[in-house]
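Note sheet for the following structure.
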Amino acid sequence: MFCAVTCKTKGETASVPGSAEVPRLVCVSAEHDFGTVRESDRPAYAFSLRNAGLAPLQINKVDPSHSCAANHPPQRIAPGEDATLEVACDTEGRGSRLVEKLTVHSNDPQAPALVLAVTARIEPWLAFESRTVEAKAPFGRDDSQDVRLTGSLAFTAHLAVDAVEPPGPDVKIIPADDQKPEGLRIMCTSLRVARVAGQVRVTTGLEKPSHLTVLYTCEVIGNLTLEPTNPFIDLRAAGLAEVAVHVSSSRPDFRLEQARAVDRPFESTFERDPNGHGYSVRVRVRGDQVPEGVRGATGTLRLVSNDPAEPQKDVPLMALGPLARIEHALPQEESTRGPWERPSHSPTREVDDRRGQ
Amino acid sequence: MFTSGWIGSSMTFNLGNVCTETNTGGTFYGKVPALVSYVIGFTARDDVADNFCLGDCNASNAGTGCTAAGTSDLCTLGAAYIRKAFTTRILPTYAAFAQGFASACGTTRPMIWEMEPDYFQYYDAGQSGDPLTGAEAANYMSQMIATVKQYLPNAVFSMDISPWEPNNGCAGNPASNLGWYPFFNMSEFTFISTSGGVHLANSQNINAGADTWAGVYACSGNKPILADTGYGAAGASSGEDPNWDDAGNVNQRIANGVISITQYNPTASTWGATIAAARPLLDPVSCH
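Residue numbers (the working numbering), protein chains in the order written: chain A, 8 to 364; chain B, 223 to 510.
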């Protein structure tokens, strides 16, 4: 699939039906797998090219890839002649796999751009055994996860924490023992219910690689469940411009004490869910608190409860639509206006003025 | 809402016009800006220092000054680029735009960030270089969102629908499929959104693939869908799609979870009338 022209075994004559005296670039193979190489190695491979046409072949240029480039590519191949194109690749800092494509531009009218593909599996000198560390614990309990070094320099490196961004988990160096190289212990403390993602950057004490990074995620799980988690209100539906949020808890003694929309134009009420455990919180938009012409609002629903993990929980609210035509989201007023009726002053033209890309 | 700009075409804030136009007295006063945040895609085009010159997978649009232009793309090396440039180019660009919007628009008006179109491609097995793991993809996404919210507490976020993700993004089918949405902290997102490609108004399927509107709605945890339609590869306009003007089609998509439609530069002379005619026929959105 990578070969833009028909691949031929070396020495095989290619014919181009209907072609006059034109050059024709063919390859023995347009793909090469280096197998496993060590990081910082510079593997090279000579692709065999052949001009199977009847006119001189000009190689105009070879586009390099991110990691690979051609060394002194041939400029001209006579009809029937072979040539080699050596490709060499950098492997430092390339991760664990190399997949590269180079493009050979020539005067072959049938296939002016021949794509050469090279692959390799890279064995790093030094890396963490995992790129991510995920700690997860219920509120009130701490969790820690270890990640060790791997690679042939693993027992040579000496780690030091350079930065934890954003700050949060406590990070300690795990010393090496007879069996295992140094590593990191990432300890997440359950100070609040949240999921925080970031990265830990360490120095290695080596010239190369001088730094390594591991991603961390600390998740502290609470007791409350909200459905939906991100309440959305469609303001087009004047009589229905509200959303019901079901709030429940894994604790049997859960009691919701307040459910208050903090920001205008939202308002809320709540009641025990008659169909099951938990509470039903209804959030509405007050049209009379919305500036004319404004078509969206964000706000916060603040839940206050006896939950020890989240005694106060803020929930983001979002409303979208032609809000100005809603006078007030109360049932008796809803019946006086059709749900899609628009006031004459509302804009009717919506414009998608996409820019970029 | 209206799609008002693409974030990332520059590493410094260049979308002040969005605020000018939506501020009091502006042409689009009151509308909610929906911004396509394509920071990874844009900044990968011209990372000359690290020799990353990654165009879109279906367009030759690597940046200028790139010696490797045209041979590598986001499908191949996007994950490698993210790992290399996350703290040096990607997060700083997010911070620059969040600060810019906070300064120009303020921090109270709603603003939607449609995060990283085609983000699934960096995790997809088709990412032949060395794809992100699901945990990596989720971690990077959370960091990008946290960076924006640090400066823009009023921003809400939409996760991209990559409609070629298997099984609508749910785990399973086959059993080895870990899914896509399960990796993410979905409470960070208010919406999910399509981006690029032609998306179908008159079909249960989002495009020619197997994923459906209703399927991604369910698999994302019933996130309302912003259907960003009407353009193809490299952001080229495919014009107004009359199928999305049809109230019958739109009502079927509303039933599937769609709550918003964006058309790319519709016919200016008739667009107002088109919307006015369709709007009374539309069903209300029921979010649960």
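Glycine is no exception: its CB is placed at the ideal position from the N, C-alpha and C atoms.
Checklist entry - Of all the options A:Gly158, A:Ala53, A:Ser257, A:Ala37, which has the alpha carbon lying nearest to the alpha carbon of A:Thr211? => result Nearest to A:Thr211 by C-alpha distance, out of A:Gly158, A:Ala53, A:Ser257, A:Ala37, is A:Gly158.
Item to check | Continuous alpha helix (DSSP H) stretch holding B:Met363: start and end | outcome: Counting along the chain, the alpha helix (DSSP H) containing B:Met363 begins and ends at 356-373.
Checklist entry - Using DSSP with H/G/I as helix, E/B as strand and the rest coil, what is B:Ile383? => result Looking at B:Ile383 - three-state DSSP - the assignment turns out to be coil, as it is neither helix nor strand.
Item to check | Same chain, Cβ closer than 7 Å to A:Arg138, neighbours up to 5 away in sequence not counted | outcome: So the qualifying residues of the chain are Val221, Leu222.
Item to check | Segments of 4+ residues assigned as alpha helix (DSSP H) that fall wholly inside the segment 67-149 of chain A | outcome: Entirely contained in the segment 67-149 of chain A, not one alpha helix (DSSP H) run reaches 4 residues.
Checklist entry - Can you list the residues of chain A that B:Phe274 reaches, using a CB-CB cut of under 8 Å? => result What B:Phe274 touches in chain A: His73.
Checklist entry - Are the C-beta of B:Pro516 and some C-beta of chain A separated by less than 7 Å? => result Limits of chain B in this structure are 223 at one end and 510 at the other, which puts residue 516 of chain B out of reach.
Item to check | Delimiting residues of the beta strand (DSSP E) encompassing A:Ile240 | outcome: Element bounds for A:Ile240: 239-241.
Next on the checklist: Contact defined as beta carbons within less than 8 Å: I believe A:Arg258 pairs with A:Asn230. What is the distance between those atoms, to the nearest angstrom?
Outcome noted: At roughly 5 Å, the Cβ-Cβ gap stays under 8 Å, so A:Arg258 and A:Asn230 are in contact.
Next on the checklist: Please report the distance separating the alpha-carbon of A:Asp153 from that of B:Cys392.
Outcome noted: Approximately 29 Å, taken between the alpha carbons.
Next on the checklist: Please return the same chain residues whose Cβ sits closer than 6 Å to the Cβ of B:Phe264, not counting the five positions on each side in sequence.
Outcome noted: Listed in chain order, the non-local C-beta contacts of B:Phe264 below 6 Å within the same chain comprise Gly230, Ser231, local neighbours out to five positions each way being set aside.
Item to check | Of the listed residues B:Gly418, B:Met408, B:Val420, nearest to A:Glu234 (C-alpha basis) | outcome: Considering only alpha carbons, the answer is B:Met408.
Next on the checklist: Tell me which residues of the segment 407-439 of chain B have at least one Cβ-Cβ distance to chain A shorter than 9 Å, keeping chain order.
Outcome noted: If the cut-off is 9 Å between Cβ atoms, the segment 407-439 of chain B has Asn407, Met408, Ser409, Glu410, Phe411, Thr412, Phe413, Gly418 near chain A.
Item to check | Backbone CA spacing between A:Leu213 and A:Leu160 [nearest angstrom] | outcome: Each residue's Cα considered, the two are about 9 Å apart.
Next on the checklist: I'd like the list of long-range same chain contacts for B:Lys371, defined as Cβ closer than 7 Å, with 5 residues on each side in sequence excluded.
Outcome noted: Scanning its chain for C-beta atoms nearer than 7 Å, with the 5 sequence neighbours on each side dropped, one finds around B:Lys371 the residues Ala377, in chain order.
Next on the checklist: Any beta carbon from chain A within less than 7 Å of B:Ala307's own beta carbon?
Outcome noted: So, not an interface residue.
Checklist entry - For B:Gly437, which residues of its own chain have a beta-carbon under 7 Å away from its beta-carbon, when the five flanking residues on both sides are left out? => result For B:Gly437, where only same-chain residues beyond five positions count, the Cβ hits under 7 Å are Asn390.
Item to check | Cβ neighbours of B:Trp228 in the same chain (closer than 6 Å, five flanking residues each side left out) | outcome: The residues are Val258, Tyr260.
Next on the checklist: Please confirm whether A:Ser342 has its beta-carbon closer than 7 Å to some beta-carbon of chain B.
Outcome noted: Only weak support exists for where A:Ser342 lies, its pLDDT of 27 falling under 50; the coordinates are left without a value.
Item to check | Bridge partners - A:Glu234, DSSP secondary structure assignment | outcome: Residue pairing for A:Glu234: DSSP places it in a beta bridge opposite A:His253.
Next on the checklist: Within the continuous beta strand (DSSP E) that includes A:Tyr286, where are the two ends?
Outcome noted: Secondary structure note for A:Tyr286: its beta strand (DSSP E) is the uninterrupted segment 286-292.
Checklist entry - Do the CB positions of A:Ser55 and A:Thr110 come within less than 7 Å of each other? => result Cβ atoms of A:Ser55 and A:Thr110: not closer than 7 Å.
Checklist entry - Within 7 Å (strictly less), CB to CB, does A:Gly158 reach chain B? => result Not one chain B Cβ lies under 7 Å of A:Gly158.
Checklist entry - How would you call A:Phe162, buried or exposed, if buried means at least 16 neighbouring beta carbons within 10 angstroms? => result A:Phe162 comes out exposed.
Item to check | Enclosing alpha helix (DSSP H) for A:Gly229 [first to last residue] | outcome: That residue, A:Gly229, is in no alpha helix (DSSP H); it is neither H nor E in DSSP.
Checklist entry - Quick one: which chain B residues come within Cβ less than 7 Å of A:Thr139? => result Chain B residues near A:Thr139: Thr355, Ala357, Glu358, Asn361.
Checklist entry - By how many angstroms is the C-alpha of A:Val125 removed from the C-alpha of A:Thr224? => result Straight-line Cα distance between these residues: approximately 35 Å.
Checklist entry - Counting pairs of beta carbons, one from the segment 352-369 of chain B and one from the segment 456-472 of chain B, are three or more of them closer than 8 Å? => result With the cut-off at 8 Å, the segment 352-369 of chain B and the segment 456-472 of chain B do not touch.
Item to check | For B:Ala326 and B:Tyr316, the rounded distance between their alpha carbons | outcome: Cα to Cα, B:Tyr316 sits roughly 15 Å from B:Ala326.
Checklist entry - Are B:Gln426 and B:Thr416 close, meaning C-beta to C-beta below 7 Å? => result The answer is no: Cβ separation not under 7 Å.
Checklist entry - Going by DSSP, which residues form a beta bridge with A:Gln265? => result For A:Gln265, DSSP records a beta bridge to A:Val311.
Checklist entry - Along chain A, in chain order, which residues have C-beta atoms closer than 8 Å to that of B:Ser482? => result Those are Leu327, listed as they occur along chain A.
Checklist entry - Who are the Cβ neighbours of A:Ala62 in its own chain at under 6 Å, not counting the five residues just before and after it? => result Taking A:Ala62 as the centre and dropping the five residues before and after it, the same chain places the C-beta of Glu28, Val29, Pro30 closer than 6 Å to its C-beta, in chain order.
Next on the checklist: Do B:Ile447 and B:Ile414 have their beta-carbon atoms positioned less than 7 Å apart in this structure?
Outcome noted: Yes, the Cβ-Cβ distance between B:Ile414 and B:Ile447 is below 7 Å.
Next on the checklist: Using a Cβ-Cβ cutoff of less than 7 Å, which residues in the same chain neighbour A:Ala11 once the five nearest sequence positions on both sides are dropped?
Outcome noted: With a pLDDT of only 33 at A:Ala11, under 50, the local geometry of the prediction cannot be trusted, and the value read off the model is given with reservation. Answer for A:Ala11: Ala118, Ala120, Leu121, Val122, listed in chain order.
Item to check | Spatial neighbours of A:Arg101 in its chain, beta-carbon cut-off 7 Å, leaving aside the 5 residues before and after | outcome: These residues qualify, in order along the chain: Ser74, Ile129.
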